[in-house]
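Q:
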Amino acid sequence: MNTHVIGGKTPQQALDSLHNMTADVSAIEEAEYRARLVKAQTYMQQHEIAAIYLNAGTNLAYFTGTHWGASERLVGAILPAYGEVQYLVPIFEIATLQEYMSVTGPVHGWHEHECPYELFIKVLAQLQITTHAKIAMDESSPFFIFDGINQLQSGHTIVNGKAVTAHCRMTKSPHELTLIQRAMDMTLEVHKAVASILYAGISTLEVAQFINQAHQKVGASGSYFCIVLFGEATAYPHGVKNPQLLQDGDMVLVDTGCKLQGYTSDITRTYVYGQASQRQREVWQYEKQAQAAAFNAAQLGVTCEDVDNAARQSLEANGLGPGYAIPGLPHRTGHGIGMDIHEWPYLVGGNLQPLEAGMCFSNEPMICIPGEFGVRLEDHFYITEQGPRWFTQPSHNIDNPFG
Numbered sequence: 000m001n002t003h004v005i006g007g008k009t010p011q012q013a014l015d016s017l018h019n020m021t022a023d024v025s026a027i028e029e030a031e032y033r034a035r036l037v038k039a040q041t042y043m044q045q046h047e048i049a050a051i052y053l054n055a056g057t058n059l060a061y062f063t064g065t066h067w068g069a070s071e072r073l074v075g076a077i078l079p080a081y082g083e084v085q086y087l088v089p090i091f092e093i094a095t096l097q098e099y100m101s102v103t104g105p106v107h108g109w110h111e112h113e114c115p116y117e118l119f120i121k122v123l124a125q126l127q128i129t130t131h132a133k134i135a136m137d138e139s140s141p142f143f144i145f146d147g148i149n150q151l152q153s154g155h156t157i158v159n160g161k162a163v164t165a166h167c168r169m170t171k172s173p174h175e176l177t178l179i180q181r182a183m184d185m186t187l188e189v190h191k192a193v194a195s196i197l198y199a200g201i202s203t204l205e206v207a208q209f210i211n212q213a214h215q216k217v218g219a220s221g222s223y224f225c226i227v228l229f230g231e232a233t234a235y236p237h238g239v240k241n242p243q244l245l246q247d248g249d250m251v252l253v254d255t256g257c258k259l260q261g262y263t264s265d266i267t268r269t270y271v272y273g274q275a276s277q278r279q280r281e282v283w284q285y286e287k288q289a290q291a292a293a294f295n296a297a298q299l300g301v302t303c304e305d306v307d308n309a310a311r312q313s314l315e316a317n318g319l320g321p322g323y324a325i326p327g328l329p330h331r332t333g334h335g336i337g338m339d340i341h342e343w344p345y346l347v348g349g350n351l352q353p354l355e356a357g358m359c360f361s362n363e364p365m366i367c368i369p370g371e372f373g374v375r376l377e378d379h380f381y382i383t384e385q386g387p388r389w390f391t392q393p394s395h396n397i398d399n400p401f402g
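Last residue of the sequence shown: 402 in numbering that gives the first Met the number 0, with the numbers rising by one and none dropped.
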């Protein structure tokens with residue numbers, strides 16, 4: 000064990016080594032939001048989609064800069080293929096919503112005793128969107144909104160809005176890449192601090208609490224999510240019910256991230272507390288090889304499926320799998336990342352989406368060996384015209400996971 004990396008510090012000493020990393024970070028500006036709206040409208044015009052409904056949540060924030068949580072009330076925006084974005088919100092929330100807007104536009108309100116879906120249809124009519132026109136629905140919208148509109152039998156054809164939202168969000172702008180990069184940098188520093196506080200007997204709950212504090216110290220509001228696993232529990236990709244206490248020789252898996260200006264980080268490190276066994280070293284190296292194989296395959300124009308296949312072929316060459324079988328990789332190789340921690344496109348079999356410049360992916364071909372342990376090395380990369388580029392450098396080796 001490299002004692003300069005794993006263990007040796009108190010939580011306070013580790014926190015004292017961190018600093019706020021957000022002082023020079025700038026938010027997405029109105030001009031970029033408006034460019035996103037134009038991109039969506041151009042796509043809709045080309046595909047005969049008259050309008051798209053953007054529900055409160057990530058899509059509303061992405062296109063308009065309006066950060067508003069989804070609830071049981073209809074709050075969102077209608078973006079027509081031609082014209083200005085239109086907001087819909089309960090009347091008592093109008094003033095508050097306007098404070099959150101980055102892109103302004105007409106606001107249409109409804110009282111609690113009124114039907115918001117009738118207002119929805121009324122706004123379409125005001126936009127001169129005729130019946131039988133194609134209306135895209137934000138794919139993250141809850142069913143009750145679709146059902147409420149559908150019950151009115153307005154004659155409009157409701158289609159999945161994913162074609163519009165994914166088309167716009169899959170490729171990131173330089174500003175988006177900068178925000179994701181900084182968020183990743185922040186979480187990597189947190190990972191280093193986490194490793195330094197480990198000792199025999201510490202609980203996964205204590206580690207998770209420290210990670211939240213550490214994310215706050217580097218400038219985030221806290222951890223956006225956190226998975227901490229020791230020993231045999233590391234074989235389960237998203238954890239187990241009960242907390243664990245760290246023992247000498249345990250595999251340690253920490254998967255965590257934060258949010259910065261709406262953009263997420265997500266990094267996993269796996270290493271051993273104490274001396275790694277030959278078996279642990281061997282499997283860890285198989286994981287590193289699979290991660291490298293996926294990265295090397297991720298060239299401009301190849302499909303997402305090709306990248307997933309590269310990781311699986313590497314694992315199968317080392318006697319794991321085949322396919323999704325365990326011991327081996329039971330899930331996709333990676334996911335897109337941006338404002339949502341899991342978003343399009345996905346590195347998975349059957350996805351024939353070609354890789355394009357600006358796309359961002361996790362690379363995490365986890366090895367799960369139930370009854371023993373698991374190894375997940377997760378870093379993210381983005382595609383350039385010259386090929387893939389890492390946001391964070393992968394782990395060097397099992398003894399020195401941070402280089």
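All C-beta atoms, glycine included, are put in the ideal place defined by N, C-alpha and C. In this text, all values refer to a predicted model and were calculated from it rather than measured experimentally.
#1: Restricting to Cα atoms, I'd like to know which of ALA192, ALA26, TRP67, GLN385 is closest to ASP15.
#2: If you draw a straight line from the C-alpha of PHE209 to the C-alpha of ILE27, how long is it?
#3: Helix, strand or coil for SER101? Go by DSSP, reduced to three states.
#4: So within the region 133-202, which uninterrupted beta strand (DSSP E) runs reach at least 3 residues, ignoring any that extend past its ends?
#5: Output the distance between the C-alpha atoms of THR2 and THR233, rounded to the nearest integer angstrom.
#6: In the structure shown, what three-state DSSP assignment does ARG33 receive?
#7: I'd like the span of the alpha helix (DSSP H) that includes ASP15, first residue to last.
#8: Look at GLY248 and GLY273 and say whether their C-beta atoms are less than 7 Å apart.
#9: Closest to ASP378 by CA distance: which of GLN392, MET365, ALA310, GLU384 is it?
#10: Can you pull the DSSP bridge partners for HIS107?
#11: Is the beta carbon of PHE380 closer than 7 Å to that of PHE401?
#12: So for TYR223, helix, strand or coil by DSSP?
#13: Do ILE120 and SER70 have their CB atoms nearer than 7 Å?
#14: Report, in whole angstroms, the separation of the C-beta atoms of LEU73 and ILE144, which I expect to be a contact under 8 Å.
#15: By the three-class DSSP mapping on this structure, what secondary structure does CYS114 have?
#16: Grouping DSSP H, G and I as helix and E and B as strand, with all else coil, what is HIS395?
#17: Taking only the alpha-carbon atoms, compute the straight-line gap between ALA49 and VAL122 and give it to the nearest angstrom.
#18: Going by the CB atoms, is the gap between ALA80 and MET136 shorter than 7 Å?
A: Judging by the given coordinates:
#1: Position 16 of the sequence shown holds residue 15. When only C-alpha atoms are compared, the closest one is ALA192.
#2: Translated into the one-based positions of the sequence shown, residue 209 becomes position 210. Translated into the one-based positions of the sequence shown, residue 27 becomes position 28. Taking the straight line joining both Cα atoms gives about 30 Å.
#3: Within the sequence shown, residue 101 is the residue found at index 102, counting from 1. Coil.
#4: 133-136, 156-159, all fully within the region 133-202.
#5: In the sequence shown, the residue the question calls residue 2 occupies position 3. In the sequence shown, the residue the question calls residue 233 occupies position 234. Unreliable positioning characterises THR2 in this predicted model, as indicated by a pLDDT of 45, which lies under 50. The coordinate reading is nonetheless provided below. Rounded to whole angstroms, THR2 to THR233 spans 22 Å at the Cα level.
#6: Start at 1 with the first residue of the sequence shown, and residue 33 comes out as number 34. Per DSSP, reduced to three states, the secondary structure at ARG33 is helical.
#7: Along the sequence shown, one-based indexing puts residue 15 at 16. It spans 10-15 - the alpha helix (DSSP H) in which ASP15 sits, taken as one unbroken run.
#8: As a position in the sequence shown, residue 248 is number 249, starting the count at 1. As a position in the sequence shown, residue 273 is number 274, starting the count at 1. Against a cut-off of 7 Å, the Cβ pair of GLY273 and GLY248 comes out as a contact.
#9: Here residue 378 corresponds to residue number 379 of the sequence shown, with the count starting at 1. Nearest C-alpha to ASP378: GLN392.
#10: As a working note, residue 107 is residue 108 in the sequence shown. Answer is LEU87.
#11: For the purposes of this step, residue 401 is identified with residue 402 of the sequence shown, where counting begins at 1. For the purposes of this step, residue 380 is identified with residue 381 of the sequence shown, where counting begins at 1. Contact flag unset, no.
#12: Counting from 1 along the sequence shown, the entry for residue 223 is found at position 224. If DSSP states are grouped into helix, strand and coil, TYR223 belongs with coil.
#13: Working through the sequence shown from its first residue, we reach residue 120 at position 121. Working through the sequence shown from its first residue, we reach residue 70 at position 71. Cβ atoms of ILE120 and SER70: not closer than 7 Å.
#14: Reading the sequence shown from its first residue, position 74 is the one you call residue 73. Reading the sequence shown from its first residue, position 145 is the one you call residue 144. Indeed they touch by this definition, with Cβ atoms about 6 Å apart.
#15: Position 115 of the sequence shown, counted from the first residue, corresponds to residue 114. In this structure, CYS114 counts as coil in the three-state DSSP scheme.
#16: In the sequence shown, counting from the first residue as 1, residue 395 sits at position 396. It is coil, neither helix nor strand.
#17: Locating residue 49 in the sequence shown gives position 50, where the first residue counts as 1. Locating residue 122 in the sequence shown gives position 123, where the first residue counts as 1. So the alpha carbons of these two residues sit roughly 13 Å apart.
#18: Along the sequence shown, one-based indexing puts residue 136 at 137. Along the sequence shown, one-based indexing puts residue 80 at 81. With respect to ALA80, MET136 sits apart: the two C-beta atoms are not nearer than 7 Å.
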